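Those letters in the sequence shown? Residues 101 to 191, per my numbering, in order. Ideal Cβ placement from N, Cα and C applies to all residues, glycine included. Computed from a predicted model, the values in this text were never measured in an experiment.
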Amino acid sequence: MTGRVHVLAKPPDHPRHQRCLKMLGARDTLVLTATALERLAHPEPLEGIQAGRILALTEAPENLTLPPGCTAVTHAAFVEQVLTTHQPIFW
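Shown next, in the form of structure tokens:
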């Protein structure tokens, strides 16, 4: 994982949700938390997102239907893979 890690916890209609998406770069990782996962209900949920990697933070990955380009990650894996090696930006 290179670039910055953005952890998005705001719903799609929140101004900080939109600001976070505008700040993303091609090498960044976007992590969608429970509230931000509402975005996946949109017809084109990842359209326009410039992140190199998109993760959906969940404890039940088998219950999520994810669009192409989005990967489920459990809280334990998130702590192990991201929080221990990166300094995320929380939105």
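Mind checking L164: buried by the 16 CB within 10 Å criterion, or exposed?
exposed
Report the residue from P168, L130 and K122 whose alpha carbon sits nearest the alpha carbon of G152.
L130
Through-space distance from E159 to C170, alpha-carbon basis
15 Å
Taking the straight line between their C-alpha atoms, what separation do you get for L155 and D128?
11 Å
Please report how far the alpha carbon of T185 lies from the alpha carbon of L108, in whole angstroms.
18 Å
Mapping the DSSP letters down to three states, classify A151 as helix, strand or coil.
coil
Anyone know if the C-beta pair for L146 and P112 falls short of 9 Å?
no
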